[in-house]
Amino acid sequence: MKKYTSVIVTILLACLAVASQDSAPPVEAVRISEHVYELRGGSGSNSAFILSDEEVFIIDGKMSDKAAADMLAAVQAITDKPVTHILLTHSDGDHVNGLTGFPASLPILAQNNTKIHMVGANEDRDVKLPLPTLTFSDSFTIESGSLVIEMYHFGQAHTDGDAVIYIPADKVAVIGDLYFEGRDPLIHLHKNGSSYGLVKTLKAILNLDVDVFLSGHAEPAGRSDIQALLESIEEKQIKVESLIKEGKSLDDIKTAFGLPLTESRWKSLVEVIHIELTEK
Numbered sequence: 079m080k081k082y083t084s085v086i087v088t089i090l091l092a093c094l095a096v097a098s099q100d101s102a103p104p105v106e107a108v109r110i111s112e113h114v115y116e117l118r119g120g121s122g123s124n125s126a127f128i129l130s131d132e133e134v135f136i137i138d139g140k141m142s143d144k145a146a147a148d149m150l151a152a153v154q155a156i157t158d159k160p161v162t163h164i165l166l167t168h169s170d171g172d173h174v175n176g177l178t179g180f181p182a183s184l185p186i187l188a189q190n191n192t193k194i195h196m197v198g199a200n201e202d203r204d205v206k207l208p209l210p211t212l213t214f215s216d217s218f219t220i221e222s223g224s225l226v227i228e229m230y231h232f233g234q235a236h237t238d239g240d241a242v243i244y245i246p247a248d249k250v251a252v253i254g255d256l257y258f259e260g261r262d263p264l265i266h267l268h269k270n271g272s273s274y275g276l277v278k279t280l281k282a283i284l285n286l287d288v289d290v291f292l293s294g295h296a297e298p299a300g301r302s303d304i305q306a307l308l309e310s311i312e313e314k315q316i317k318v319e320s321l322i323k324e325g326k327s328l329d330d331i332k333t334a335f336g337l338p339l340t341e342s343r344w345k346s347l348v349e350v351i352h353i354e355l356t357e358k
């Protein structure tokens, strides 16, 4: 009986995955600046592309082969310049699972730890993700004609492999999952993420000459949005630390923040801060 139940569950999950892809809104290219377009819709996160005088750089690959094909079609509707590279902000599935739908010959650039996490993810996949072919530690600069693209890693944040992709000429940065709209940020402890590292990273990106920040799950953000997020995280860190010093339990602290006591799939920011402060 258990065998049949397992098979049925597997089939249902597969059907749900297909239904999710079918129900996803169409991929739409929205022009953000002279060289930068955001790719909204499709399964997975927001993505983007950079259009230079010579070529196209895709940023992140969404979540499915269909989404990847739709991304390429959206690019081709705007330009006939070739897509030459894929740049990754980090390793989460909704940003990289669609890489299998791109031409295998495309070079993929990412931070070192992003490749490590993708190698680990491939251990449980029948269809392996294409891995980054070029990685960097702290920074990497691309020159395409007169256009400069800078990639930065400022340390642990959402994960330990986050890359900020900065286009100085446009004052635009693509920041992956470093910013969420209307909710606390998600920190992946299993990928060595850190709320304190995120604060450091947000301060670093505010030091860049950027007016528009594109993220995986929000509308384009401005400097005031990033500053507000930074201050919100710091306020929570101070409050959690104070409650710990008062001898409050984790449940007490969650109650103080109005959080449910039940476990959820992803730990809340408050729980992450508590772990960081108590399990040093």
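Note that the working numbering has the sequence shown beginning at 79, numbered continuously upward. Ideal placement from N, C-alpha and C gives every residue a C-beta, glycine not left out.
With DSSP as the reference, please indicate the residues paired to residue i in a beta bridge.
i: L187; result: L165, L212
i: S217; result: Y230
i: Y244; result: E228, A251
i: A182; result: In DSSP, A182 forms no bridge with anything.
i: F258; result: H295
Give the straight-line distance between the Cα atoms of residue i and residue j, rounded to the nearest whole angstrom.
i: V197; j: L117; result: 26 Å
i: P171; j: A199; result: Here the sequence assigns Gly to residue 171, which means Pro is not the residue at that position. Computed Cα separation, rounded: 9 Å.
i: D138; j: E312; result: 29 Å
i: T167; j: E319; result: 31 Å
i: E297; j: L256; result: 13 Å
i: S215; j: V277; result: 19 Å
i: M141; j: G122; result: 5 Å
i: A247; j: P338; result: 45 Å
i: D143; j: A102; result: 13 Å
i: D202; j: E324; result: 43 Å
i: V226; j: D330; result: 50 Å
i: K80; j: V205; result: Because the pLDDT of K80 is 36, which lies under 50, any placement of that residue in the model is unreliable, and the number read from its coordinates should be weighed accordingly. Computed Cα separation, rounded: 26 Å.
i: S342; j: F291; result: 29 Å
Report all residues from its chain with a CB closer than 6 Å to the CB of residue i; omit the five preceding and five following residues, and keep chain order.
i: A282; result: F232
i: Y115; result: A107, R109, F127
I need the DSSP call for residue i, collapsed to helix, strand or coil.
i: V288; result: coil
i: V85; result: Because the pLDDT of V85 is 39, which lies under 50, any placement of that residue in the model is unreliable, and the question is left without a value.
i: E116; result: strand
i: A107; result: strand
i: I137; result: strand
i: I194; result: helix
i: I265; result: coil
Taking C-beta to C-beta, are residue i and residue j nearer than 9 Å?
i: H173; j: G275; result: no
i: L129; j: I164; result: no
i: G271; j: Q234; result: yes
i: Y250; j: V288; result: First, the amino acid is wrong: residue 250 is Val here, not Tyr. Yes, the pair counts as a contact, with Cβ atoms nearer than the cut-off.
i: I194; j: G239; result: yes
Note down, in chain order, each residue of its chain lying with its Cβ closer than 7 Å to the Cβ of residue i, except the 5 sequence neighbours on either side.
i: H266; result: H236, T237
i: I86; result: Note that I86 has pLDDT 40, beneath the 50 cutoff, so the model's placement of it is unreliable and no number is given.
i: F335; result: V348
Skipping 5 residues on each side, what residues in its chain have a beta carbon closer than 8 Å to that of residue i?
i: V134; result: F127, I128, V153, T157, K159, P160, V161, T162
i: S310; result: D262
i: K332; result: P338, L339, S346, V348, E349
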